[in-house]
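In the UniProt record's numbering, the protein residues as written are 1 to 95.
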C-alpha cells in the first residue's frame with residue numbers, strides 16, 4: 001500500500017510517497033499566488049518504478065486542489081503527460 005503525506009508552507013510543498021515506511025518518491029510544488037500551484041518535479045526511487053507511485057502522488061495533489069479550490073500548473077514532464085492522458089483530472093488545471 002502506498003501512503004502519501006503532504007508538506008506545505010507559504011511558498012513550497014511536496015507530496016511524499018511511502019511504501020512499508022520507506023520513502024518511494026516525492027513530488028514538489030511551488031505556490032503561484034494563493035489559488036494556484038506549480039508541480040515542478042516528480043521523482044520515484046528506482047526500486048519503486050512502475051508501481052504507481054507517481055500516479056498516487058499526482059492523485060493526492062489533485063485531491064488537495066479539489067478540496068481547497070486550487071488550480072494546478074503541471075510543469076514537470078510526468079505531471080504534464082499524466083494530465084494530458086486523463087480527462088477526469090483536467091478540472092484542476094489552470095486554463
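Cβ atoms here follow ideal geometry from the backbone N, Cα and C, with glycine treated the same way.
Kindly list the residues whose CB is nearer than 8 Å to the CB of residue i, restricted to its own chain and excluding five residues on each side of it in sequence; keep chain order.
i          : result
residue 3  : 17, 18 and 19
residue 80 : 74
Quick check on the DSSP output: the alpha helix (DSSP H) that includes residue i runs from which residue to which?
i           : result
residue 53  : 53-68
residue 111 : What is shown of the chain runs 1 to 95, which leaves residue 111 out entirely.
Consult DSSP for residue i and reduce its assignment to one of helix, strand or coil.
i          : result
residue 4  : strand
residue 71 : strand
residue 16 : strand
residue 92 : helix
residue 35 : coil
residue 46 : helix
Could you tell me the boundaries of the beta strand (DSSP E) in which residue i lies?
i          : result
residue 24 : 22-31
Thinking C-alpha only, which one of the options is nearest residue i?
i          : options           : result
residue 91 : 63, 81 and 75     : 63
residue 32 : 13, 22 and 46     : 13
residue 34 : 11, 46, 45 and 48 : 11
residue 45 : 61, 65 and 22     : 22
residue 61 : 78, 82, 15 and 47 : 15
Give me, in chain order, the residues of the same chain whose beta-carbon lies closer than 6 Å to that of residue i; leave out the 5 immediate sequence neighbours on both sides.
i          : result
residue 76 : 39, 40, 41 and 42
residue 94 : 36, 71 and 73
On the three-pair Cβ rule with 8 Å, is the segment 48-59 touching the segment 17-33? yes
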